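Numbering (the working numbering), first residue to last: 2 to 445.
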């Protein structure tokens, strides 16, 4: 009898243990399913956020390729997969980012879309958004800009009234509305097409109307596939682009930055110049033995080359991002987004009234019939740029390291032969501020 009871008790314990074991397996299995469901939902939400960023980027691309006068409404949904999200504009230095922030069940993440240079994004949000293109730039939600300018003007008028009351009408001060493109002197995308006539016009994408022209009577320049759209292709003989002088191109000893992408076929050449050998004035940016060189005239026509002494070279046949920054006390040379070297400023002036020429020295370098001038013909024609130039930008200020890095990051994937990135997805902690997200992804 006791053996039977023992056997039954043992069987009961074994059954309970089996049920407990199966329950544990069920709990683990349920946990795995639940975890996978959460991960799947998070992946779905992340993809939906990326898709929304892709929509915004495509709208900007459409406007970029459209003719002036283009306008279009596009709609952002009120929620993503029935969950809340925010769309905001974050600005830092030269970089503007559209930040889409999603609030999920267990985590918060953001998708950062870099806004290309030449696009003025003032606001964005759920619902209708208006993107427009005028002669000089693309504007996202211009109505918000107009509203802010109107408010600023009202504040200015109010301030003036207060000053007139308190200090008298002769002591009022003028407040100016800040121009968001005040430091943009010229921006050449080189997205033109190789035409049938030599008189090609190269568009300046700033409001300054610094259009470039090829010279009548010389062979046509070419436009080939570049990093983003087309690029300017020069043959190293007599191709160049001329930009007429203007007050904004005359820096008069002030700070400025020359920046762009080049793919050179030779180790020594002229990238651009604003100088004159005959007048012994001006400045230029060249390549010397696969390094950047800043050429400047000083007192009594003294011509010196301030060479980049950094380790990184501008290798032949590869795309490189370059920047030369002219500051009051130094010159800075950047290659591929990184500071390559600094040189002390010679205190030579940069004020001049000469035209800007891309890929060549100014015309008076190669004119003349005597032996001396013929020697200059040989020297400077040999120095004409051979290769491709893209996204050339000129600023009337000294850009920071962060600014140059951000410009390089924008097209470095294309330069390396990779697919361009629409944006950057980042998982963020709940306590992180939206304004700090672009710092996490290196956007400012």
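All C-beta atoms, glycine included, are put in the ideal place defined by N, C-alpha and C.
Note that the structure is a prediction, hence the values are computed from the model and not measured.
For residue 226, which three-state DSSP category applies?
strand
According to the neighbour-count rule (16 or more other Cβ atoms, all chains shown, within 10 Å of its Cβ), is residue 73 buried or exposed?
exposed
Measure the Cβ-Cβ separation of residue 261 and residue 386 and say whether it is below 9 Å.
no
With a cut-off of 8 Å on the beta carbons, I'd call residue 287 and residue 307 a contact; round off their distance for me.
No, residue 287 and residue 307 are not in contact; Cβ-Cβ is about 11 Å, not under 8 Å.
Beta bridge counterpart(s) of residue 272 as assigned by DSSP:
Beta-bridge analysis with DSSP links residue 272 to no other residue.
Are the CB atoms of residue 395 and residue 228 within a distance shorter than 9 Å?
no
So, residue 326 versus residue 271, is the Cβ gap smaller than 9 Å?
no
Kindly indicate the opening and closing residues of the beta strand (DSSP E) around residue 133.
For residue 133, the enclosing beta strand (DSSP E) begins and ends at 128-134.
Residue 44, buried or exposed, once every other Cβ within 10 Å from all chains shown has been counted against 16:
By the 10 Å Cβ count, residue 44 comes out exposed.
Sequence-distant residues of its chain with Cβ nearer than 7 Å to residue 180 (five each side left out):
Note that residue 180 has pLDDT 48, beneath the 50 cutoff, so the model's placement of it is unreliable and the number below is only indicative. Contacts found: none.
DSSP three-state assignment for residue 366, whether helix, strand or coil:
The predicted position of residue 366 is uncertain, since its pLDDT is 43 and thus under 50; a value taken from the coordinates is nonetheless stated next. The DSSP-derived three-state label of residue 366 is helix.
Run the CB neighbour count on residue 134, radius 10 Å, all protein chains shown included, and call it buried at 16 or more, exposed below.
So residue 134 counts as buried.
Short of 8 Å in beta carbon distance, which residues of its chain neighbour residue 70, apart from the five on each side in sequence? Order them along the chain.
134 and 135
Residues near residue 409 in its chain [Cβ-Cβ closer than 7 Å; skip 5 each side]:
322, 337 and 338
By how many angstroms is the C-alpha of residue 234 removed from the C-alpha of residue 243?
14 Å
Tell me whether residue 150 sits in a helix, a strand or coil according to DSSP, three-state version.
The predicted position of residue 150 is uncertain, since its pLDDT is 49 and thus under 50; a value taken from the coordinates is nonetheless stated next. In this structure, residue 150 counts as helix in the three-state DSSP scheme.
Exposed unless 16 or more other CB atoms sit within 10 angstroms - verdict on residue 282
With 16 or more other Cβ atoms inside 10 Å of its own Cβ, residue 282 counts as buried.
Considering Cα atoms alone, identify which of 20, 224, 212 and 118 is closest to residue 65.
118
Where residue 55 and residue 347 are concerned, what is the direct C-alpha to C-alpha distance, given to the nearest angstrom?
48 Å
For residue 140 and residue 115, believed in contact at Cβ under 8 Å, the rounded distance
Contact flag wrong, Cβ pair sits at about 17 Å.
Roughly how many angstroms separate the alpha carbons of residue 53 and residue 192, rounded to a whole number?
27 Å
Going by beta carbon distance, what residues of the same chain come within less than 6 Å of residue 371, once the five residues before and after it are set aside?
With a pLDDT of 37 at residue 371, under the threshold of 50, the predicted position of this residue should be treated as unreliable, though the coordinate-derived value follows. Correct list: empty, nothing qualifies.
Pick from 92, 109, 416 and 75 that is closest to residue 126, judged by C-alpha positions
75
Residue 80 classed as buried or exposed, judged by whether at least 16 other C-beta atoms fall within 10 angstroms
exposed
CA-to-CA distance, residue 78 to residue 319, given in whole angstroms:
42 Å
In whole angstroms, give me the CA-to-CA distance for residue 88 and residue 298.
50 Å
Let me know the secondary structure DSSP gives residue 51 once reduced to three states.
helix
Would residue 201 pass as a contact of residue 189 if the rule is Cβ separation under 9 Å?
no
In this structure, what does DSSP give as the bridge partners for residue 388?
235 and 265
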